[in-house]
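Here's the structure, in structure tokens; my notes come after.
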Amino acid sequence: MGNLASFLSSADSLPPSVVLVPPLLVRERRGRSRFAKSSYDRQFGRPELSYLFNDYVEADIRSILYFAPPDDPRINVTAKLQVPQGIHLGGGRAAPDGSPALGSMSLRFEPDPTHPYTFVDVKTGALGARGSVACLRACVVDAGSGFAGFAQLPVGGPGGKGNGALLQSESLRLGGRYTSPLFSAGAIVSPEGAVVHDAWLVGRTGALVWGVSTRPGAALAPVFAEAVNPARRDPGAATRLPEEHDARSAARRFADACLAHTNYGVAFSPGTQRRTEQGKFTAALELIEERQLNVAFLYHMALQRNIHNPFEKSDVIGITNYVDIGFQMVTDVDSADRSTMRLGASWQVNKNVMVKARAGLDGFSASAIFRSWWQPAFTLGAVVGYDLRSGQARAGATVAVESYRNLRYERSPEGNKMAGARVTQRHVASQDDIAYHEGQGLLVPLSEVDNPTTLGQTAPPEADLL
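What follows is the structure, given as structure tokens:
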């Protein structure tokens, strides 16, 4: 009896079976400046598709540094360097002259790190043969009222008017917006001549997201002047040739400029679209300046898979993987040569490894990304691509070094939603997890409630605004 009791006691003391939940490699700093830009550009899966089709799968050479001092999280710096041509592997037609290297750097200050969308930063860029540019930006967001204001002021460089001044006040851009979880409207203008650079209207109704955006680059000053003093309009304009004078009124010219540069978009995204939601599906349709039709599809999944890894402990029976699949078709009504089609996918295998692939009418590429979770973290991505147009194979690499604070996790619907606080979290495996590990059947969702704080999914009040 004593031996039996001892055996049962030792069995009870065995560690429970666990399922690993790695952090996402994609950092949450993306989109920190979105309230200083058009809301339209953040809809219809645009940021996610850009990451899927561009980051770590372009056959070029890139280096990225992102650093925030651990003793003062209000300040952070980002530096990037890019050599667009990458490394040619031979074969195919001769490649054109290499493009110059591009570089940029940003120094950012956030008065309250819990509200990262209110900030001041200075951005500088070296554009190779095109020279250098720099600008100051500031953005203030009030989550309670939904109002935000922002400004962008160029500093020297070719963006100014050539008056030799360091601050190019004539190129100052001011923006204002109202935003809520269901609606956003705003505009970006230059006080000099009241030039409208961007205006947008975006809304969400259930699973449907719709929006309209225009970038006319036209001045409102002539419209106001004509409205105040109609006599200023040239009475003989209608009898002159078009090359001598534009017979349209100022208001009509402004309206035509808006219509010629207007985009319309609609997307279907079922379910609540909180940023912390696990899994997201988006199907989008855009009409771009009445010349291009853009059809896109994006699906993000958190999946739990069985694991038999000799490098893991015996109590590990599963791991959560993150999978993204995207498709984009752009049809140009003016030229078939400008039509494109791309299909991309990424698979984060664990906390250290991700693989990506992209294929399209112009070529295909594949990459492997390796990440170490030291502090700061180090990421290395290697990519190989083939250009179908030139028959040229190329190789590239991305090296990134970044300090990090908050990690983000997602659990698959099959996973038990319990606490974890290390770089790779673990949760106690349920009986269904064990049955799935033994090949006895599918898992069913558990009824426990997620803990957003433990998952690193807490977000500032502004996060759910359009």
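Here the sequence shown is numbered in my numbering, starting from 673 and rising by one per residue.
Backbone N, C-alpha and C fix where the C-beta goes; we use that ideal spot for every residue, glycine too.
Just so we're clear, the structure is a prediction, and the values are computed from it rather than from any experiment.
1) Start and end of the alpha helix (DSSP H) containing Phe-725?
2) Given Gln-950, which residues of its chain have a CB within under 7 Å of its CB, disregarding the five upstream and five downstream residues?
3) Apply the 10 Å Cβ neighbour rule to Val-827 and answer buried if 16 or more other Cβ atoms are within range, or exposed otherwise.
4) Would you call the CB atoms of Leu-959 and Asn-935 closer than 9 Å?
5) Leaving out the 5 sequence neighbours to the left and right, which residues in its chain are closer than 6 Å to Thr-796 when beta-carbon positions are compared?
6) The beta strand (DSSP E) spanning Phe-1050 covers which residue range?
7) For the segment 778–792 and the segment 738–757, state whether three or more C-beta atom pairs, one from each stretch, are separated by less than 8 Å.
8) Looking at Ala-1101 and the ligand MG, is the gap between the Cβ and the nearest heavy atom below 8 Å?
9) Could you tell me which residues DSSP puts in a beta bridge with Trp-882?
10) Does the structure place the segment 705–719 close enough to the segment 1040–1059 that three or more beta carbon pairs sit under 8 Å?
11) Are three or more beta carbon pairs between the segment 1065–1078 and the segment 727–740 nearer than 8 Å?
12) Who are Asn-748's beta bridge partners in DSSP?
13) Beta strand (DSSP E) containing Ala-1031: first to last residue?
14) Quick check: the segment 710–721 against the segment 1037–1052, are at least 3 beta-carbon pairs closer than 8 Å?
15) Between the alpha carbons of Asp-743 and Ser-711, how many angstroms are there, rounded?
16) Determine the direct distance from the alpha carbon of Tyr-789 to that of Asn-726, and round the result to whole angstroms.
17) Thinking Thr-851 and Gly-821 are a contact (beta carbons under 8 Å), I'd like their distance in whole angstroms, please.
18) Tell me whether His-650 sits in a helix, a strand or coil according to DSSP, three-state version.
19) Label Ser-1039 either buried or exposed according to how many other C-beta atoms from any shown protein chain fall within 10 Å of its C-beta, with 16 as the threshold for buried.
20) Please go through the same chain and pick out, in chain order, the residues whose beta-carbon is closer than 6 Å to the beta-carbon of Leu-864, but skip the five residues on each side of it.
21) Assign Thr-786 to one of two classes, buried (16 or more other C-beta atoms within 10 Å of its C-beta) or exposed (fewer than that).
22) Among the candidates Ala-1054, Leu-774, Thr-954 and Gly-848, whose CA atom is the shortest distance from the CA of Pro-719?
23) Which residues share a DSSP beta bridge with Pro-826?
24) Name the two residues that bound the continuous beta strand (DSSP E) containing Ala-929.
25) Taking just the CA atoms, how far does Val-690 sit from Gly-990?
26) By how many angstroms is the C-alpha of Gly-1068 removed from the C-alpha of Arg-1012?
Answer, in terms of the structure:
1) That run of the alpha helix (DSSP H) goes 718–726.
2) Only weak support exists for where Gln-950 lies, its pLDDT of 47 falling under 50; the coordinates are left without a value.
3) buried
4) yes
5) Met-777 and Ala-806
6) 1049–1059
7) yes
8) Among the components modelled here there is no ligand, and therefore nothing to report on the ligand MG.
9) Gly-875 and Val-938
10) With a cut-off of 8 Å, the segment 705–719 and the segment 1040–1059 do not count as touching, because too few Cβ pairs lie within range.
11) yes
12) Paired residue(s): Arg-780.
13) The continuous beta strand (DSSP E) containing Ala-1031 extends over residues 1025–1032.
14) A contact is defined here as three or more CB-CB pairs under 8 Å, and the segment 1037–1052 fails this definition with respect to the segment 710–721.
15) 33 Å
16) So the two alpha carbons sit approximately 25 Å from each other.
17) So it is not a contact: roughly 12 Å between Cβ atoms.
18) Lying before the first or after the last residue shown, residue 650 is absent from the chain, which here runs from 673 to 1138.
19) buried
20) The amino acid occupying residue 864 in the given sequence is Glu; Leu does not appear at that position. Here the set comprises Glu-842.
21) Per the 10 Å Cβ criterion, exposed.
22) Thr-954
23) Cys-807
24) Here Ala-929 belongs to no beta strand (DSSP E); instead the alpha helix (DSSP H) covers 922–932.
25) 7 Å
26) In the sequence as displayed, the identity of residue 1012 is Thr instead of Arg. Each residue's alpha carbon lies about 22 Å from the other.
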